[in-house]
Amino acid sequence: MLQERWSLERVQQWLSAVEKGEELFQETKAWEILEGFGKHTDEELTSTISAKLYSLLAKARYERMGRKDHLVESWVNQALKEDSENKLAHELKLEGLIEFVKELKIPTKFPPIRETDHGSAKKKTAEEYNEMAKHFFRYMEDVDKMREDLSDSIERLKENKRMTVIEELLLYIDKLREPFATIETATDEYAHSLTGVYYSAAQFQQIVRATKEIEEVNEQWNALIQTTQIKQSDGTALEELQKMIGLEGVKGRIKKLYQFLHYQKVRLNQGFQSKDGINLHMILTGNPGTGKTHLARLLAKIYYELGLLTRDEVYEVDRTHLVGAYVGQSEENTIKAIERASGGVLFIDEAYSLKRAGAAGNDYGQTVIDTLVSAMTSGKYAGTFAVILAGYPDEMRAFLRANPGLRSRFPEQNHIHIEDYSVSELLQIGELVALENDYLLTNGAKVELKKRIERAQVDDSFGNARTTKNIIQNAIFQKGSQLSLDNVKTDDFVFLEAGDFKEKEMDDEKKALKQLDELTGLENVKQEIHQLTSFVKIQQIRREQGLKALPLQVHTIFSGNPGTGKTTVAQIFAEALKEIGLLKRGHLIVASRADLVAGYVGQTAHKTKEKIKDALGGVLFIDEAYSLLSTGQGDFGKEVINTLVQEMTVHKDNLVVILAGYANEIELLLSSNPGLRSRFKKHIHFDDYSKDELIEIILYWTEQSGYLFSTEAKEALISGIERNGHPANGRYAVDVFERLVQLQSLRLTKQNQYDMKSLSTIIKEDVDKLISERGE
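At position 605 of the sequence shown (counting the first as 1) the number is 605 in the UniProt record's numbering, and the numbers step up by one without a gap.
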């Protein structure tokens, strides 16, 4: 059954828009529809639509490849199988005939037969003529067979424009039949008549006349072939920009810029003056992979098309090309770059790197800027080139603020910001990249591609189109590297499928919640984490199935004494949220007051944001969070809290924050900021470990490290630990194990005892020594 979003009515509307030229035909969309077709009540209508889709797929591939391959042929045949009346499929059949006929190679010049040649030389040339004629008739047998096979298509398309082309081609071929027949007969007889220097003059004259006739027809044939070539135009820069996916705001800005520059040029041509001239210098800002470099090339093409520059070329440089290591070298490098870009565009990527904040005195980035500004405004280089600066938005803004001389050369209307692509646009880009590599994406592949893109969209370092292209290329690699060629099918070379995009999980990796369950004690914590992750999972499933989903509130308070496992559980919680698809990275960033609070105004917010940026896609675990409470005048802990609340709102489900510490102090922290309390509705308390749980932890570490306790040692350990446990909890257990290993090592060294059993066993003497040391 066709998916609801691709109802028959909607498919018909789309196909109608494609046929009218109102929408572009998209191969991936066509295949998505075909994949969705199943049994339908109106089978005839479904077959007609399927035939249209297959024929359009065949046409798109034929135009993209520039030839008819086996896949085009397969789709054409499938279209005619679905609907024998499909006009486009019949037209593509005829294109195959045109393509085949045009491959005929007609001799431009025949090797001469001279009367003075020796008989054997004449005979050899006659044999060459004879073989040419035979080759022509073998080719014609194939042409005639194709004409016969395509008689139905030829009959149906009598009035078609391409039929005129076919008729002209076949007419010229038919003109060649008679002279080639003459050559075949005459050369056959001529070759047999040669004895010594004797030959038949009549046969000789027949051959000469026939070759001249063929050569004359060949000139006309080549002229006709040229007229059948489909001329492809590169289009203008604006047309190329309009074809690009997304960038709607940029397209509008560039269109206005084009109109303005054209207006300015016409105005100047009519004698009106402009004191400031036409400013072509531009600033392009945007995150990685948004197309800044490609847009710079389009701008160069626009400037050239308008006659504002003499070349449409872009010379691309960065700091390494311009900044020298000694006095004078930076100026020299910059002038060389300007001369290289003369008549075109000088494109400086990550321009803010030219002048680094706090740079040493021997950093010559400022020299580059001064040289560039001077060349843009005066001297022999002014007006001979355009400068386009590109980089990330925040860094570029800070750079221009620090360089007022440079900023004044770039008016506000020449600042263009390129927004990040939406997931929908990135999917279209992925489909286009696959198509450029001659692949189509199945519906399942699109679902997995979307998941991969969303997982990669963690922070500002996301590479947009670049990342999407890498994902597609990786999928192509996965398909090619894993596919067995013993029983390969055509589809294996055409389609990228869901499995090609799935990231393999290690088989020996433990699932996060399983790891949680294996921890000693913490029964209430395990229950709370299971409930929380189950809630998140179900809400996500409800959202995917179109049901109303509750807000996901997973920011959590972990309260409890030191050593109760808060950090360990936070790490597992992060992994669990990644496994159910909420978090994209599932990593844990542990921070304390020192990591967040700075010593002067304004720096604390920046420091906090940087730590949050590190945690995006994972969990930010703030240990002893109550230490953020302001302790007096000049304390910036409150700035951390305000920034944290703000950033949690901005990043939503892309960040989970856990505040950890003692219960009473955490409560005071929450009371200090209503916004903070409203975001932490889940509170999990970690109880102290009991004596039995501490012993279990010690035994666990012992076993994991390849040690064991003797029976007496184990009994001594059990009796030696306080009934109420220890205030250090799990840290105490780990410390006990590590100290026992040290005591065992000291004993074995003194005893010079290194057999396998001794090296692995902790005995009662070691435990007694530990208890004696600690007074337990």
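C-beta: ideal position from N, C-alpha, C; glycine also.
### Query
Expressed to the nearest angstrom, what Euclidean distance is found between the alpha-carbon atoms of Ala133 and Phe180?
Residue mapping note: residue 133 aligns to position 133 of the sequence shown, counting from 1. Residue mapping note: residue 180 aligns to position 180 of the sequence shown, counting from 1. Cα to Cα, Ala133 sits roughly 5 Å from Phe180.
### Message
Counting beta carbon pairs with one atom in the stretch 458 to 475 and one in the stretch 427 to 437, are three or more of them shorter than 8 Å?
### Response
Result yes; three or more Cβ-Cβ pairs closer than 8 Å.
### Message
Ignoring anything shorter than 4 residues, give me the alpha helix (DSSP H) runs that lie fully in the stretch 213 to 289, in order along the chain.
### Response
Taken in chain order, the unbroken stretches of alpha helix (DSSP H) that lie wholly in the stretch 213 to 289 and span 4 residues or more are 237 to 243 and 248 to 269.
### Task
Throw me the rounded Cβ distance for the Tyr315 and Gly344 pair, which I believe falls under 8 Å.
Residue mapping note: residue 315 aligns to position 315 of the sequence shown, counting from 1. Residue mapping note: residue 344 aligns to position 344 of the sequence shown, counting from 1. The C-beta distance from Tyr315 to Gly344 rounds to 7 Å, short enough to meet the 8 Å contact threshold.
### Query
Apart from the five residues on each side of it in sequence, which residues of its chain come closer than 7 Å, Cβ to Cβ, to Val11?
Position 11 of the sequence shown, counting from 1, holds the residue named residue 11. So the list reads Ile33 and Ile49, once near-sequence residues are dropped.
### Query
What alpha helix (DSSP H) runs, 4 residues minimum, are completely inside the stretch 393 to 452?
Whole alpha helix (DSSP H) segments, 4+ residues: 393 to 402, 404 to 407 and 423 to 436.
### Message
In the DSSP assignment, the beta strand (DSSP E) including Leu659 goes from what residue to what residue?
### Response
On the sequence shown, position 659 is the one that residue 659 refers to. It spans Val656 to Gly661 - the beta strand (DSSP E) in which Leu659 sits, taken as one unbroken run.
### Task
Take Val323 as the anchor and find which of Thr564, Leu97, Asp370 and Thr182 has the nearest alpha-carbon.
Indexing the sequence shown from 1 puts residue 323 at position 323. Measuring from the Cα of Val323, the nearest candidate turns out to be Asp370.
### Task
Check the DSSP bridge columns for Ser559 and list the partner residues they point to.
Here residue 559 refers to the residue found at position 559 when the sequence shown is read from its first residue. Note: Ser559 sits in a beta bridge opposite Gly661 and His685.
### Query
With which residues is Glu388 paired in a DSSP beta bridge?
Here residue 388 refers to the residue found at position 388 of the sequence shown. In the sequence on display, residue 388 carries Ile and not Glu. Answer is Met282 and Phe347.
### Task
Kindly give me the distance between the Cβ atoms of Phe680 and Thr556, rounded to whole angstroms, as I take these residues to be in contact under 8 Å.
To locate residue 680, count along the sequence shown from 1; it is residue 680. To locate residue 556, count along the sequence shown from 1; it is residue 556. Contact between Phe680 and Thr556 holds, with the beta-carbon distance rounding to 7 Å and staying under 8 Å.
### Query
Any contact of the stretch 102 to 111 with the stretch 215 to 223, i.e. 3+ C-beta pairs under 8 Å?
The stretch 102 to 111 vs the stretch 215 to 223: in contact.
### Task
Whole angstroms is fine: what's the gap from Gln449's alpha carbon to Phe501's?
Stepping through the sequence shown from its first residue, residue 449 is reached at position 449. Stepping through the sequence shown from its first residue, residue 501 is reached at position 501. The amino acid occupying residue 449 in the given sequence is Leu; Gln does not appear at that position. Each residue's Cα considered, the two are about 6 Å apart.
### In DSSP terms, what Thr761 is bridged to
Counting from 1 along the sequence shown, the entry for residue 761 is found at position 761. Answer is Leu708, bridged to Thr761.
### Message
Can you list, in chain order, the residues of its chain with a C-beta nearer than 7 Å to that of Thr643? Leave out the 5 residues immediately preceding and following it.
### Response
Working through the sequence shown from its first residue, we reach residue 643 at position 643. Counting only Cβ-Cβ distances below 7 Å, and skipping sequence neighbours, we find Ala605, Thr608 and Lys609.
### Message
Here's the rule: buried if 16 or more other CB atoms are within 10 angstroms of the residue's CB, otherwise exposed. What is Ser758?
### Response
Counting from 1 along the sequence shown, the entry for residue 758 is found at position 758. Result: exposed.
### Chain-order list of residues whose beta-carbon lies under 8 Å from that of Thr490 (same chain, five-residue window excluded)
Working through the sequence shown from its first residue, we reach residue 490 at position 490. Non-local C-beta neighbours of Thr490 in its own chain, meaning closer than 8 Å and more than five positions away in sequence, comprise His70, Leu71 and Ser74, ordered along the chain.
### Task
Assuming Gly618 contacts Ile589 (C-beta within less than 8 Å), just tell me the rounded distance between them.
As a position in the sequence shown, residue 618 is number 618, starting the count at 1. As a position in the sequence shown, residue 589 is number 589, starting the count at 1. Right, the Cβ-Cβ distance comes to about 6 Å (below 8 Å), so this counts as a contact.
### Message
My output table needs one value for Phe636: the three-state DSSP class, helix, strand or coil.
### Response
The residue labelled residue 636 in the question sits at position 636 within the sequence shown. In the structure shown, Phe636 sits in coil (DSSP, three-state: anything other than H, G, I, E or B).
### Query
Does the ligand GTP have a heavy atom nearer than 8 Å to the CB of Leu552?
This structure lacks the ligand GTP, and indeed carries no ligand of any kind.
### Message
On the CB-based measure, 16 or more other CB atoms within 10 Å of its CB, does Arg401 come out buried or exposed?
### Response
As a first step, residue 401 is located in the sequence shown; it is residue number 401 there, counting from the start. A residue is called buried when at least 16 other Cβ atoms come within 10 angstroms of its Cβ; Arg401 does not meet this threshold and is exposed.
#### Entry: C-alpha gap between Arg543 and Lys451, whole angstroms
Taking the first residue of the sequence shown as position 1, residue 543 is located at position 543. Taking the first residue of the sequence shown as position 1, residue 451 is located at position 451. Rounded to whole angstroms, the separation of the alpha carbons of Lys451 and Arg543 is 15 Å.
#### Entry: Glu738, buried or exposed, once every other Cβ within 10 Å from all chains shown has been counted against 16
The sequence position of residue 738 within the sequence shown is 738, counting from 1. The C-beta of Glu738 has fewer than 16 other C-beta atoms within 10 Å across all chains shown, which makes the residue exposed.
### Query
Nearest to Ala713 by alpha carbon, out of Gly391, Arg397 and Gln744?
Along the sequence shown, one-based indexing puts residue 713 at 713. Of the listed residues, the one whose Cα sits closest to Ala713 is Gln744.
### Task
Under the assumption that Leu389 contacts Val368 (Cβ atoms under 8 Å), give the Cβ distance between them as a whole number of angstroms.
Sequence index remark: in the sequence shown, residue 389 carries index 389 (1-based). Sequence index remark: in the sequence shown, residue 368 carries index 368 (1-based). Incorrect: roughly 12 Å between the Cβ atoms, too far for contact.
### Message
Whole angstroms are fine: how far does the CA of Glu696 sit from the CA of Lys682?
### Response
Taking the first residue of the sequence shown as 1, we reach residue 682 at position 682. Taking the first residue of the sequence shown as 1, we reach residue 696 at position 696. Computed Cα separation, rounded: 29 Å.
### Query
Over what stretch of residues does the beta strand (DSSP E) that includes Ala591 continue unbroken?
Taking the sequence shown and counting its residues from 1, the one referred to as residue 591 is at position 591. Per DSSP, Ala591 belongs to the beta strand (DSSP E) from Leu588 to Ala591.
### Ala660 versus Phe347 - alpha carbon distance
Walking along the sequence shown from the start, residue 660 turns up at place 660. Walking along the sequence shown from the start, residue 347 turns up at place 347. Their Cα atoms are separated by approximately 49 Å.
### Query
Below 8 Å, can you find three or more Cβ-Cβ pairs linking the stretch 295 to 307 to the stretch 422 to 431?
Result no; under three Cβ-Cβ pairs closer than 8 Å.
### Close-in-space but distant-in-sequence residues of the same chain around Gly96 (CB under 6 Å, 5 per side omitted)
In the sequence shown, residue 96 corresponds to position 96, counting from 1. The beta carbon of Gly96 lies closer than 6 Å to those of Lys68 in the same chain, with the five residues before and after it left out.
#### Entry: DSSP three-state assignment for Val317, whether helix, strand or coil
Taking the first residue of the sequence shown as position 1, residue 317 is located at position 317. Reduced to three states, the DSSP call for Val317 is strand.
### Completely contained alpha helix (DSSP H) runs for the stretch 518 to 547, where each covers 4 or more residues
With a minimum length of 4 residues, the continuous alpha helix (DSSP H) runs that stay inside the stretch 518 to 547 are 523 to 544.
### Status (buried if at least 16 other CB within 10 Å, exposed otherwise) for His726
Numbered from its first residue, the sequence shown carries residue 726 at position 726. It is buried - the Cβ of His726 has at least 16 other Cβ atoms within 10 Å.
### Query
Out of curiosity, what's the CA-to-CA distance linking Glu248 and Ala337?
In the sequence shown, the residue the question calls residue 248 occupies position 248. In the sequence shown, the residue the question calls residue 337 occupies position 337. In this structure, the straight-line span from the alpha carbon of Glu248 to that of Ala337 is close to 33 Å.
### Task
Count the CB pairs spanning the stretch 283 to 301 and the stretch 458 to 465 that are closer than 8 Å, and state whether there are at least three.
Yes: at least three Cβ pairs fall under 8 Å.
### Query
By Cβ distance, which residues of its chain are closer than 8 Å to Leu298, with the 5 residues on each side in sequence left out?
The count along the sequence shown starts at 1 and reaches residue 298 at position 298. Closer than 8 Å at Cβ, skipping near neighbours: Ala237, Glu240, Leu241 and Ile254.
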